[in-house]
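Chains as they are written, first to last, in our numbering: chain A, 1 to 418; chain B, 1001 to 1094.
Below: the structure, in structure tokens.
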Amino acid sequence: MRFSALRVLKEGLTGNKGWTPHWRDPAPKPEYDAIIIGGGGHGLSTAYYLAKNHGMTNIAVLEKGYLGGGNVGRNTTIVRANYMMEGNSQFYSHSLKLWEGLEQDLNYNAMMSQRGIINLVHSDGQRDAFIRRGNMMHAQGDTDAEFLFPEQLKKKLPYLNHDNIRFPIYGGLYHKRGGTARHDAVAWGYARGADQRGVDLIQNCEVTGIDIVDGVVKGVQTTRGAIKAKKVGMVVAGRSGQLAALAGMRLPIESHVLQAFVTEGLKPVMDNVVTFGMGHMYISQSDKGGLVFGGDLDFYASYAQRGNLPTKEHVMEAAMCLMPQIGKARVLRSWGGIMDMSPDGSFIMDKTHIDGLFLNTGWCYGGFKAVPASGYCMAHLMATGQSHEITARHRLNRFETGRGLMDEEATGSQHNLH
Amino acid sequence: MRIVCPLCGERDSREFSYKGAALALAYPSEEAGFEAWDDYLHNRDNPAGPTRELWYHGSGCTSWLVVTRNTTTHEILSVELAEDAPESRQEASA
Ligand SMILES: Cc1cc2nc3c(=O)[nH]c(=O)nc-3n(C[C@H](O)[C@H](O)[C@H](O)COP(=O)(O)OP(=O)(O)OC[C@H]3O[C@@H](n4cnc5c(N)ncnc54)[C@H](O)[C@@H]3O)c2cc1C
Ligand SMILES: [Zn+2]
């Protein structure tokens, strides 16, 4: 079934009886050419591009819960390409270009909204650093970066507290092509696109073992039985450590909780995404009207999918400092997701020492924007056995030598620093 | 979370900062080589369930502590001074 405006009109006039499920609900087959473990954004996009770009259609995605129930459905949906480091810069730039054509490609409304992101700065040093970042974005070919000075920002974002005594606003880097997308719709769009190309999306199917014989992967054990495959991709974000342990691997990953918050629906007040880095807080307004905002990690290892009060208090305080009128809004919900934190803050996409077993992890708190390019490059890796050129630096062994580390924030390459 | 410091008693978690797995106490010898140091610095068990980790009581007595904590419930199971923890006496093996 193809979606179009005409179709919406027709269904509207005929009682909406013609809509069908967006994907099948198949039982697992005994064997596939490739298996992807994890039905989040990255697993689903990997399956889609394996089928679309590499013609691999006898494949399955195994998801322990329901599609999109993990971080892909829990994030604050910011999409951007304002990275600086060689490797990351090309990768996120490529991802943003895929986002720009995504809805046409998938024939699915992902509500991609390039409303622009503004990173606020509050000191001379921070201003210089962000102007440099803007120049780096131009150098990588993304010429939509522009530095806005205080007078321009006062006009553009009149609702901010511009003259706060501790955090006066010195300007902001405006990334015009950045924005937000509807997180669930991204997962569903990729799921539907993969399903239409013959991929089996198997839910309620937890992988409980990885079968390896003489260093070669043979398949997996699941709660729905054993499934054979010559290629297996581990794409489970926050659960990467436990999944890899089934293959006898220890990863450079620690799982942490990141929280987010949403207020009741309000009339339009914010046009852009605004980040308040010095206060560890960022905010945007969803199409439903809720103010969606978040902050830092809670900064301790966690699988609880919920955080503690100190971080909540900190984020609320930062929000009040940035835009005091937010105090009149009521917070409707808060939640947490499990982040696969890597030592240098950048992701890992690589083959493993086990033949046929591939790894995709370390997305930290920023893997939503990566969903298209991650699947694109992971599919390339699984199909060809070689890293795609834009992920050539995202190897697992970079930590061993320290060569090629991608420490975007320049805080160091050990756990708990990002 | 509230953490019972062996020296200061039960305190709000805001007084403490988290460092990571307590295995950080058991560092390899200088000669141990790349692989052992890479493993020590970067690789983690990252368990879902009880785990032993280092916390620093920075806004209290400034002791390093080993806290046994459940990462799926945030329940704190026990707290001891890092100097008394078995990890302090063991050398990491690669
Ligand atoms: C509060 C919050 C805000 C965020 N904000 C942003 C943002 O603004 N911008 C941005 O770019 N990123 C953001 N992120 C990060 C982003 O959401 C993640 O990096 C990204 O979603 C992770 O990839 P994924 O979608 O594949 O993960 P997930 O959706 O978590 O997918 C992994 C899947 O694997 C499944 N799984 C695990 N173990 C097994 C098993 N043994 N067998 C079968 N299946 C298994 C899980 O059930 C899950 O569905 C945010 C995250 C959070 C929590
Ligand atoms: Zn103390």
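Note that beta-carbon positions come from the ideal geometry of N, C-alpha and C, so glycine has one too.
Owing to the predicted nature of the structure, the values given are computational and were not obtained by experimental measurement.
Residues bridged to residue i (per DSSP)
| i | result |
| --- | --- |
| A/Val273 | A/Ile117 |
| A/Gln285 | A/Leu291 |
| A/Asn360 | A/Met349 |
| B/Trp1064 | B/Tyr1056 |
| A/Met339 | A/His256 |
| B/Asn1070 | B/Pro1050 |
| B/Arg1002 | B/Asp1012 |
| A/Ala34 | A/Ile59, A/Lys231 |
| A/Gly43 | In DSSP, A/Gly43 forms no bridge with anything. |
| B/Ile1076 | B/Arg1069 |
| A/His175 | A/Ile117, A/Ala145 |
| B/Leu1081 | B/Leu1065 |
Alpha-carbon to alpha-carbon, residue j and residue i
| i | j | result |
| --- | --- | --- |
| A/Pro324 | A/Leu160 | 8 Å |
| A/Pro26 | A/Glu389 | 35 Å |
| A/Arg403 | A/Phe91 | 19 Å |
| B/Asn1046 | A/Glu264 | 36 Å |
| A/Ile78 | A/His175 | 12 Å |
| B/Ala1094 | A/Glu400 | Reliability of the predicted coordinates at B/Ala1094 is poor, the pLDDT of 45 falling under 50, and no value is obtained from them. |
| A/Tyr108 | A/Ala185 | 8 Å |
| A/Thr76 | A/Lys230 | 36 Å |
| A/Lys64 | B/Arg1069 | 26 Å |
| A/Arg330 | A/Met56 | 48 Å |
| A/Val262 | A/Tyr282 | 12 Å |
| A/Val315 | A/Leu291 | 13 Å |
| A/Met349 | A/Gly38 | 15 Å |
| A/Met137 | A/Arg80 | 11 Å |
| A/Ser240 | A/His54 | 25 Å |
| A/Ala145 | A/Leu157 | 17 Å |
| A/Leu201 | A/Asp296 | 33 Å |
| A/Gln196 | A/Ser413 | 42 Å |
| A/Phe293 | A/Tyr48 | 30 Å |
| B/Arg1089 | A/Gly70 | 40 Å |
| A/Gly327 | A/Gly337 | 25 Å |
| A/Asp124 | A/Pro28 | 58 Å |
| A/Glu11 | A/Pro21 | 15 Å |
| A/Asn204 | A/Arg24 | 14 Å |
| B/Leu1041 | A/Thr223 | 34 Å |
| A/Ser387 | A/Lys351 | 8 Å |
9 Å Cβ cutoff met for residue i and residue j
| i | j | result |
| --- | --- | --- |
| A/Ala304 | B/His1074 | yes |
| A/Thr46 | A/Met378 | yes |
| A/Ser346 | A/Leu405 | yes |
| A/Ala237 | A/His280 | no |
| A/Leu44 | A/Ala194 | yes |
| A/Val220 | A/Tyr170 | no |
| A/Leu435 | A/Ala110 | In the structure as shown, chain A begins at 1 and stops at 418. Residue 435 of chain A is therefore absent and cannot be evaluated. |
| A/Ala244 | A/Leu381 | no |
| A/Val216 | A/Gly356 | yes |
| A/His42 | A/Gly375 | yes |
| A/Ala34 | A/Val232 | yes |
Cβ-based burial, residue i [other Cβ within 10 Å; buried from 16]
| i | result |
| --- | --- |
| A/Ala139 | exposed |
| A/Pro372 | buried |
| A/Asn397 | exposed |
| A/Glu86 | exposed |
| A/Asp419 | What the structure shows of chain A is the stretch from 1 to 418, and residue 419 of chain A is not part of that stretch, so it cannot be assessed. |
| A/His353 | exposed |
| A/Trp363 | buried |
| A/Asn135 | exposed |
| A/Trp19 | exposed |
| B/Tyr1018 | buried |
| A/Met1 | exposed |
| B/Ser1078 | exposed |
| A/Asp344 | buried |
| A/Ser302 | buried |
| A/Arg393 | buried |
| A/Gly225 | exposed |
| A/Tyr66 | exposed |
| A/Ala60 | buried |
Within chain C, partners of residue i - CB distance below 7 Å
| i | result |
| --- | --- |
| A/Ile253 | Absent from the structure: chain C. Protein chains present are A and B. |
>> Quick check on the DSSP output: what are the complete alpha helix (DSSP H) runs of length 4 or more inside the region 180-264 of chain A, in order along the chain?
In response: Under the rule that a run must span 4 or more residues, the alpha helix (DSSP H) segments found entirely inside the region 180-264 of chain A read 183-196, 240-246.
> In chain order, which alpha helix (DSSP H) runs of at least 4 residues are fully inside the region 295-324 of chain A?
Replying inline: Runs found: 309-322.
>> What ranges does the alpha helix (DSSP H) occupy inside the region 50-111 of chain A, keeping only unbroken runs of at least 4 residues that lie completely in it?
In response: With a minimum length of 4 residues, the continuous alpha helix (DSSP H) runs that stay inside the region 50-111 of chain A are 88-106.
> At which residue ranges does the region 1004-1058 of chain B contain complete alpha helix (DSSP H) runs of 4 or more residues, listed in the order of the chain?
Replying inline: Qualifying alpha helix (DSSP H) stretches, in chain order: 1034-1042.
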